[in-house]
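Beneath this line is the structure, given in structure tokens, with notes to follow.
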Amino acid sequence: MSAEVRDDNPYSRLMALQRMGVVANYQDIRNKAVMVVGLGGVGSVAAEMLARSGVGKLLLFDYDRVELANMNRLFFRPEQSGLSKSAAAKETLAGINPDVQIEEYEYDVTTMENWDHFNDRIARGGVDNTARVDLVLCCVDNYAARMAVNQACTEQNQAWMESGVSENAVSGHVQLMLPGRTACFACAPPLAVATGIDESSLKREGVCAASLSTTMGIVAGMLAQNALKLLLGFTEPSYCLGYDAMTDFFPKSLMRPNPDCVLPACVAMQQHYGGQWEPPCANGSGQDGQREADDEAVVHETNEWNISLSEHPDVSDAARNENNMNHLEDEVQMPEAPAAYGGFHPEEDENDAADDDFVPPHAATLEELQDELAKTQLAETQLAEEQLA
Ligand SMILES: [Zn+2]
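So this is what it looks like as structure tokens:
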């Protein structure tokens, strides 16, 4: 993976993350193997993001075929209709980045006949084909497959991430599962799983789930971003991160494992870790601890505009999800406001009468501001013409 800045180097912009101090060792992505179970609107897009990010190996699992009804989402193309999603995905991803090793399997991970092979690929599917994979991404659309991935990963103490988009296509989530340390999928199962309902009986005749490429793309981005954070060790990964398009809400939380979980392997893993595990952010040694320290000093001494960040209770969660929020005040370049807006000019006397006439932009309508700006530009043009005359 060359760091050379050249137009024909596909990795130069990725290696810039290392030069800028975001990631300590970006090349390490070449040593990482990621399994993607389910190549629908989330899994296929997350796989493409990881391939473009230079991941060493992808192991793809799906038993569905590409259909024209999938074309409202990203990734697959109409001419791939009828192909297996795993084969079509391998072909596309190999074309995008031939450096990525790709294994593709067209089978259902919930069936007994595939169980041993699926577990073997977790245990020995690493880039060298002997070590375990580094991460499993679960991007399926049913509970049975989630429970199967949950059981395999929990029994093998394999880190994995669950993802999902709601049936009405306007919300979704990603969740990092660290066996014995964070809740597994069975620790707090959805009602349909807890009550043992056959989920195929939940589907209504003639009604299919909605899907939007936008929501699925956002959730795929959240999932791939979280995968990169975990694989490359930059900042704290998200444990549970939700997205609600209707209110622009990104709730974030961490679920502890349930000591009474129905999955014996989960209880055994909890005993193995003895309840001792804490996420790095919980003890102040991680990013969050640093963020709290930064929060106390919001206004710089050199901040002549006295800009400060305020926290609105309705947006605090969303704002807190931005790990780089604290850098905003360093990076935002404030343009000088046009005089027509009563703009404050630092070189002017603080007692200048113009300040008393200041009207904040949000008090006027856009049309009024545009009128004011047009008048000012006209006046400035006239002044310039008079000076030239
Ligand atoms: Zn559990």
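Position in the sequence shown (from 1) plus 134 gives the number in the numbering used here. Backbone N, C-alpha and C fix where the C-beta goes; we use that ideal spot for every residue, glycine too.
Worksheet item: Given Arg164, which residues of its chain have a CB within under 6 Å of its CB, disregarding the five upstream and five downstream residues?
Response: Reading the sequence shown from its first residue, position 30 is the one you call residue 164. These residues qualify, in order along the chain: Met135 and Gly190.
Item to complete: With Glu237 as the anchor, note down where its beta strand (DSSP E) starts and where it stops.
Response: Reading the sequence shown from its first residue, position 103 is the one you call residue 237. Looking at the DSSP string, the run of the beta strand (DSSP E) that includes Glu237 is Gln235 to Tyr239.
Item to complete: Please classify Asp307: is it buried, with 16 or more other beta-carbons within 10 angstroms of its beta-carbon, or exposed?
Response: The residue you call residue 307 lines up with position 173 of the sequence shown. Note on identity: in this sequence residue 307 is His, with Asp being the wrong assignment. So His307 counts as buried.
Fill in: Cβ separation of Leu310 and Tyr373, assumed to be a contact under 8 Å, to the nearest whole Å
Residue 310 sits at position 176 when you count from the first residue of the sequence shown. Residue 373 sits at position 239 when you count from the first residue of the sequence shown. Indeed they touch by this definition, with Cβ atoms about 5 Å apart.
Practice prompt. Could you spell out where the beta strand (DSSP E) holding Cys374 opens and where it closes?
Written response: By one-based count along the sequence shown, residue 374 stands at place 240. Element bounds for Cys374: Cys374 to Asp378.
Discussion item. Can you tell me whether Met154 is buried or exposed? The criterion is at least 16 other CB atoms within 10 Å of its CB, across all chains shown.
Written reply: Here residue 154 corresponds to residue number 20 of the sequence shown, with the count starting at 1. Under this definition Met154 is an exposed residue.
Fill in: Beta-carbon contacts of Ala222 that lie in its chain and below 8 Å, excluding the five residues immediately before and after
Within the sequence shown, the letter at position 88 stands for residue 222. Only Val200, Phe210 and Gln214 meet the Cβ criterion.
Worksheet entry | Nearest to Met356 (by Cα), restricted to the options Gln235, Gly177 and Glu301 | For the purposes of this step, residue 356 is taken as residue 222 along the sequence shown, with counting starting at 1. Of the listed residues, the one whose Cα sits closest to Met356 is Gly177.
Fill in: Own chain, CB closer than 8 Å to Arg535, minus 5 neighbours either side, in chain order
Any property of residue 535 remains undetermined from this structure, which presents the chain solely from 135 to 523.
Worksheet item: Closest by CA to Asp196, which one among Ala180, Gly188, Val171 and Met205?
Response: In the sequence shown, residue 196 corresponds to position 62, counting from 1. Of Ala180, Gly188, Val171 and Met205, the residue nearest in Cα terms is Val171.
Worksheet item: How would you label Asp486, buried or exposed, when you count the other beta carbons within 10 angstroms and need 16 or more for buried?
Response: Taking the first residue of the sequence shown as position 1, residue 486 is located at position 352. Caution applies to Asp486, whose pLDDT of 48 falls short of 50 and renders its modelled position unreliable; the value that the coordinates give is listed next. Under this definition Asp486 is an exposed residue.
Worksheet item: Val401: beta carbon under 8 Å from a heavy atom of ligand 1?
Response: For this step, residue 401 is matched to residue 267 along the sequence shown. Yes, since a heavy atom of ligand 1 falls inside the 8 Å radius drawn around the Cβ of Val401.
Practice prompt. Quick one: residues in its chain with C-beta nearer than 8 Å to the C-beta of Tyr377, no 5 flanking neighbours on either side, listed in chain order?
Written response: Walking along the sequence shown from the start, residue 377 turns up at place 243. If we look at Tyr377 and ignore the five residues flanking it on each side, its Cβ neighbours are Ser305, Gly306, His307, Thr349, Ile352, Val353, Met356, Phe383 and Phe384.
Fill in: Element boundaries [beta strand (DSSP E), containing Ser297]
In the sequence shown, residue 297 corresponds to position 163, counting from 1. From DSSP, the beta strand (DSSP E) with Ser297 extends over Trp294 to Val299.
Worksheet item: With Ala271 and Ser297 assumed to form a contact (beta carbons below 8 Å), what rounded beta-carbon distance in angstroms separates them?
Response: Counted from its first residue, the sequence shown places residue 271 at position 137. Counted from its first residue, the sequence shown places residue 297 at position 163. First, the amino acid is wrong: residue 271 is Leu here, not Ala. Rounded, the Cβ-Cβ distance is 7 Å, consistent with contact.
Discussion item. Checking the sheet assignment: what are the DSSP bridge partners for Lys191?
Written reply: Counting from one through the sequence shown, the residue named residue 191 turns up at place 57. Looking at the DSSP assignment, Lys191 forms a beta bridge with Ala167 and Gln235.
Discussion item. Could you pull the DSSP bridge partners for Phe252 from this structure?
Written reply: Counting from one through the sequence shown, the residue named residue 252 turns up at place 118. DSSP, once it has assigned bridges, lists no residue as partnering Phe252.
Worksheet item: What are the start and end residues of the beta strand (DSSP E) that includes Cys272?
Response: Position 138 of the sequence shown, counted from the first residue, corresponds to residue 272. Counting along the chain, the beta strand (DSSP E) containing Cys272 begins and ends at Leu269 to Cys272.
Discussion item. Just to confirm my understanding: we take Leu227, look at its own chain, exclude 5 residues before and 5 after, and list those with CB closer than 7 Å. What are they?
Written reply: Locating residue 227 in the sequence shown gives position 93, counting from the first residue. Closer than 7 Å at the Cβ level, and outside the excluded window around Leu227, lie Ala181, Glu182, Ala185, Leu192, Val234 and Ile236.
Fill in: Closer than 9 Å to chain C by CB, Arg266
Reference to chain C is not applicable here, since this structure consists of a single protein chain.
Worksheet item: For Leu366 versus Asp162, is the C-beta distance shorter than 9 Å?
Response: As a first step, residue 366 must be located in the sequence shown, where it is residue number 232. As a first step, residue 162 must be located in the sequence shown, where it is residue number 28. Yes, Cβ-Cβ distance for Leu366 and Asp162 is below 9 Å.
Discussion item. Within 10 Å of its beta-carbon, does Ser387 have 16 or more other beta-carbons around it, so buried, or fewer, so exposed?
Written reply: Against the sequence shown, residue 387 aligns to sequence position 253. Flag for Ser387 reads exposed.
Fill in: Distance cut-off 8 Å: Leu397 Cβ against heavy atoms of ligand 1
The residue you call residue 397 lines up with position 263 of the sequence shown. Yes, ligand 1 has a heavy atom inside 8 Å of this Cβ.
Item to complete: Helix, strand or coil for Met161, going by three-state DSSP, please let me know.
Response: Here residue 161 refers to the residue found at position 27 of the sequence shown. Note that residue 161 is Gln in the sequence shown here, rather than Met. It is helical.
Worksheet entry | Asn291 and Gly314 closer than 9 Å at C-beta | What you label residue 291 is simply residue 157 of the sequence shown in a count that begins at 1. What you label residue 314 is simply residue 180 of the sequence shown in a count that begins at 1. Yes, the Cβ-Cβ distance between Asn291 and Gly314 is below 9 Å.
Item to complete: Work out the CA separation of Cys318 and Leu208 for me, nearest whole Å.
Response: What you label residue 208 is simply residue 74 of the sequence shown in a count that begins at 1. What you label residue 318 is simply residue 184 of the sequence shown in a count that begins at 1. Taking the straight line from one Cα to the other gives about 29 Å.
Worksheet entry | Endpoints, alpha helix (DSSP H) assigned at Met403 | Residue numbering aside, residue 403 sits at position 269 when the sequence shown is read from its first letter. Its alpha helix (DSSP H) spans residues Pro398 to Tyr407.
Worksheet item: Under the rule that 16 or more other beta-carbon atoms within 10 Å means buried, what is Ala508, buried or exposed?
Response: Locating residue 508 in the sequence shown gives position 374, counting from the first residue. So Ala508 ends up on the exposed side.
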